[in-house]
Amino acid sequence: MDLDLYQHVETFPNGVLKQHRDAIPLFVELLTSNDKYFPALKGMAEAHAGLCYHYLGNRLLGRSREHAQNCVDYLTRAIKIKPNFVCLWKMLGNMLDTVAEFPNPRSQLLVEGSLAGVTHRRQALLEGEKIYELASRSYSRAIKLNQEDSLLWYELAFNQYRRALRFSFSQDDSRKLMQSAVEAAKQSIKLEPSRWENWNLLGVICASKEINNLALAQHCFIEAISLDKKSAALGWSNLGVMYLLQGSTSLANKAFGRAQQTDTTYMNAWIGQALIAEQIGQADEAMDLFRHCTQLGYHPESSLGYPHWVCSVMNDDDYRKNKHYKFAIDNMHALPVSHDSIVRHCADKDDDASVEALCFLGNISNRLGLWKTASDAFQNAVRKASGTQKDQILCDLGFCLLKQKKYVEAIECYQQVGESTYLAVIGKALAFFKAGQFQESYAEYESALNWLAGTDMEKAYVLIAMSAMVYAFQGEADAKTILFQCITLPAPPIEALFAACALGLLHNDTVLTELVIKELRKHENDIKHGHHVVYLVSQFYFNNKQKSKSLAYLVSQVHKFPDRPKLRQILAVSLLKNHRTPKKNLVVASNIAESALVLDLQDRQRSTIARDAAKWLAVASEAVRPVNEHRRRILAQKAIHVDPTCKEAWSSLIRILNPKK
1 MDLDLYQHVE
11 TFPNGVLKQH
21 RDAIPLFVEL
31 LTSNDKYFPA
41 LKGMAEAHAG
51 LCYHYLGNRL
61 LGRSREHAQN
71 CVDYLTRAIK
81 IKPNFVCLWK
91 MLGNMLDTVA
101 EFPNPRSQLL
111 VEGSLAGVTH
121 RRQALLEGEK
131 IYELASRSYS
141 RAIKLNQEDS
151 LLWYELAFNQ
161 YRRALRFSFS
171 QDDSRKLMQS
181 AVEAAKQSIK
191 LEPSRWENWN
201 LLGVICASKE
211 INNLALAQHC
221 FIEAISLDKK
231 SAALGWSNLG
241 VMYLLQGSTS
251 LANKAFGRAQ
261 QTDTTYMNAW
271 IGQALIAEQI
281 GQADEAMDLF
291 RHCTQLGYHP
301 ESSLGYPHWV
311 CSVMNDDDYR
321 KNKHYKFAID
331 NMHALPVSHD
341 SIVRHCADKD
351 DDASVEALCF
361 LGNISNRLGL
371 WKTASDAFQN
381 AVRKASGTQK
391 DQILCDLGFC
401 LLKQKKYVEA
411 IECYQQVGES
421 TYLAVIGKAL
431 AFFKAGQFQE
441 SYAEYESALN
451 WLAGTDMEKA
461 YVLIAMSAMV
471 YAFQGEADAK
481 TILFQCITLP
491 APPIEALFAA
501 CALGLLHNDT
511 VLTELVIKEL
521 RKHENDIKHG
531 HHVVYLVSQF
541 YFNNKQKSKS
551 LAYLVSQVHK
561 FPDRPKLRQI
571 LAVSLLKNHR
581 TPKKNLVVAS
591 NIAESALVLD
601 LQDRQRSTIA
611 RDAAKWLAVA
621 SEAVRPVNEH
631 RRRILAQKAI
641 HVDPTCKEAW
651 SSLIRILNPK
661 K
């Protein structure tokens, strides 16, 4: 967490902002008749500066830089006419400093060659540190014109400090810049000791590692606090940061607390408390504090801190067992909020975004099903990462590419992994399988089974995957052989039983199906897998021409667990496909499909996808087709309104509008 400084970014009321916008065409009209009319040139520069700061406050950096460029252009023309106006040089320095702080791709300005010290060129493109250097020269020129203005010395000190902080100079160069900043800040205090910003700036510079005069820094912060009680939040917050960096957690907590008392909306004080909560191991408090910061506004620290804790908590699949985390993640919409936060952070940092920030963006996008955003984030992270971290990111990237059905790219991604791990080899095997390269897929699965699977559970899952792959290109017999290997393992996973049962049902292997069904029925009451068991058992009865028993079994399970929407969905589909007579069954199917959707929406532990909701409304519509045409039409329209991209919904509506198709 960085120490705070007095910021140049201004927020304008709507009226003032409108005045800036309305003023520009008027100034343009004046300059059309006289392109050297000084008041119009200065007015244009001020109007563009105001818009620049407005868009910067909203982090619209492209539009902000555009207005900054216009401001610099008009200031250059005005300076040529009246080079002895101090306000012009100061405004130019402020604008250059503002653009120099932008992320690297946008930290650039076109300035006149003579102004940039390049006399042989009409214009020069300045970037980053060169913009800071020109800003420093602008302040120096202004100081030469008026050495008694403390604000000019303040701006020069601020410029030197940020220049040393942002760009990687040698240690000696950084120290020289910081020392120059100290001298300029002291001069500003000498000229105007009653201005609290001067003391605060000197304190910030003295707290830097290059100067490291913490006693003087503390004195400066206290002096700043005593001079202006209304702005004391910033001084208290800086004291808190200094104490936190020294390891004095208790003093830091008190300082941040005083900052919060002074200004309850001051974001840095809340961020400081969140960092303290992290240090003392209060993860739930840290996440709550960072979330509060995101509600207050944008800050690079909180926009990274909140996604970090969201990812940390959700890494544990059982986080919902903790009531606090369940509320913080599910009820407080942590995923979309943290996604907005980390997207803004990465956009703001651009090329300077850290590997961790890009991984958070990829992880959260992954959980939201935004595969393209996730893969772009992981690709950027791969370019910056190395070693085992890079291997892990490549595995995550490969998974996202598989979800996008980019199987060849996924294979290439997994092949870049340096050290083979269980997840990397499994991912590569799946990519080969999806790409139709079955021999390569089998070889990878065999490698994972023999060398990388460390537990019986991992071996079981590999065998299940191998059976599915072998079934695709060698047939039923070999797939059964592999599944039997899996089932004979100690405590085989339920997915192995599902696979064996499905295989038996597909190929009318009654012996195998009966054997597996006996095991599966032990899991009928399981919340996570029970509906799969019920579906397979009902299909077993139906395949054995026990149609009534199949329906009775489904109805009994719905009565037994009326709060489970998945069971209702299975019953609705079964009535629609297998039990269409008598016709009242279709009305029942429609009502059950709707009730399943209502239950699904009411379940706070689940996030109902719009596509699924539309699908079940389409099922309800199709069910009442022979008995209630009006109801059918209404349900189909509702399905399309829920998700206009749902194919089933459109198919249902098309059959209504054009019965012949």
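With full-length UniProt numbering, the residue at position 573 of the sequence shown is 573, and numbering never jumps. Heads up, the beta-carbon is just placed ideally off N, CA and C, and yes, glycines get one too.
{"Query": "Minimum Cβ-Cβ distance from SER651 to chain B less than 7 Å", "Result": "Looking at the structure shown, chain B is missing, and only one protein chain is on hand."}
{"Query": "From ALA496, ASP391 and ARG163, residue whose alpha carbon lies closest to that of SER208", "Result": "ARG163"}
{"Query": "Cβ neighbour criterion (16 or more within 10 Å) applied to LEU506", "Result": "exposed"}
{"Query": "Neighbourhood of residue 662 by C-beta, 6 Å cutoff - its chain only, sequence neighbours within 5 removed", "Result": "There is simply no residue 662 to check, as the chain begins at 1 and stops at 661 in what is shown."}
{"Query": "C-beta contact flag for ASP97 and ALA135 at 7 Å", "Result": "yes"}
{"Query": "VAL470 beta carbon less than 7 Å from that of ALA460", "Result": "no"}
{"Query": "Proximity below 7 Å, CB of ILE654 to CB of ARG633", "Result": "no"}
{"Query": "Proximity winner among ALA477, PHE561, GLU519 and ASP396, relative to ALA497 (alpha-carbon distances)", "Result": "The sequence given here has Leu at residue 497, not Ala. Minimum Cα distance to LEU497 is reached at GLU519."}
{"Query": "Any 3 or more C-beta pairs closer than 8 Å across the stretch 356-366 and the stretch 300-315", "Result": "yes"}
{"Query": "Identified DSSP bridge partners for LEU110", "Result": "LEU125"}
{"Query": "Continuous alpha helix (DSSP H) stretch holding CYS395: start and end", "Result": "387-403"}
{"Query": "Segment contact flag, the stretch 317-325 with the stretch 348-359, C-beta cutoff 8 Å, min 3 pairs", "Result": "no"}
{"Query": "Buried/exposed call for PRO562, threshold 16 Cβ in 10 Å", "Result": "exposed"}
{"Query": "Three-pair Cβ contact test at 8 Å for the stretch 37-50 versus the stretch 81-93", "Result": "yes"}
{"Query": "Exposed unless 16 or more other CB atoms sit within 10 angstroms - verdict on SER188", "Result": "buried"}
{"Query": "Spatial distance of GLU101 from MET95 (CA atoms)", "Result": "10 Å"}
{"Query": "Closest Cα partner of PHE484 within the set LEU601, ASN658, MET466 and ASN315", "Result": "MET466"}
{"Query": "Inter-residue Cα distance where the pair is PRO644 and HIS630", "Result": "21 Å"}
{"Query": "Cβ-Cβ separation, ALA596 to ALA618 (assumed contact under 8 Å), whole Å", "Result": "Contact flag wrong, Cβ pair sits at about 13 Å."}
{"Query": "Option in ALA613, HIS579 and ARG568 with minimal Cα separation from ILE592", "Result": "ARG568"}
{"Query": "The alpha helix (DSSP H) enclosing TRP89, as first and last residue numbers", "Result": "86-100"}
{"Query": "Inter-residue spacing [alpha-carbon to alpha-carbon] between ALA78 and ALA68", "Result": "15 Å"}
{"Query": "Nearest candidate by alpha-carbon position, reference residue 664, set CYS400, TRP199 and ALA500", "Result": "The question about residue 664 has no answer here: the residues shown for the chain are numbered 1 through 661."}
{"Query": "Burial state of TRP451 (16 or more Cβ within 10 Å)", "Result": "exposed"}
{"Query": "Three-state class that DSSP yields for GLN379 in the structure shown", "Result": "helix"}
{"Query": "Nearest-angstrom Cα separation, counted from SER420 out to TYR445", "Result": "13 Å"}
{"Query": "Neighbourhood of LEU489 by C-beta, 7 Å cutoff - its chain only, sequence neighbours within 5 removed", "Result": "ASP456, LYS459 and ALA460"}
{"Query": "Outcome for ARG21 when other beta-carbon atoms lying within 10 angstroms are tallied against a minimum of 16", "Result": "exposed"}
{"Query": "Local conformation of GLN19 per DSSP, three classes", "Result": "helix"}
{"Query": "Collapsed DSSP secondary structure at TYR535 in the structure displayed", "Result": "helix"}
{"Query": "Nearest candidate by alpha-carbon position, reference LEU304, set LEU275, LEU151 and ASN628", "Result": "LEU275"}
{"Query": "Burial state of GLU29 (16 or more Cβ within 10 Å)", "Result": "exposed"}
{"Query": "Touch test, the stretch 111-122 against the stretch 141-161, Cβ-Cβ under 8 Å, three pairs minimum", "Result": "no"}
{"Query": "Assumed close pair VAL86, LEU145 - CB separation to whole angstroms, cut-off 8 Å", "Result": "5 Å"}
{"Query": "Test item: CB-CB of LEU423 and CYS400 under 7 Å", "Result": "no"}
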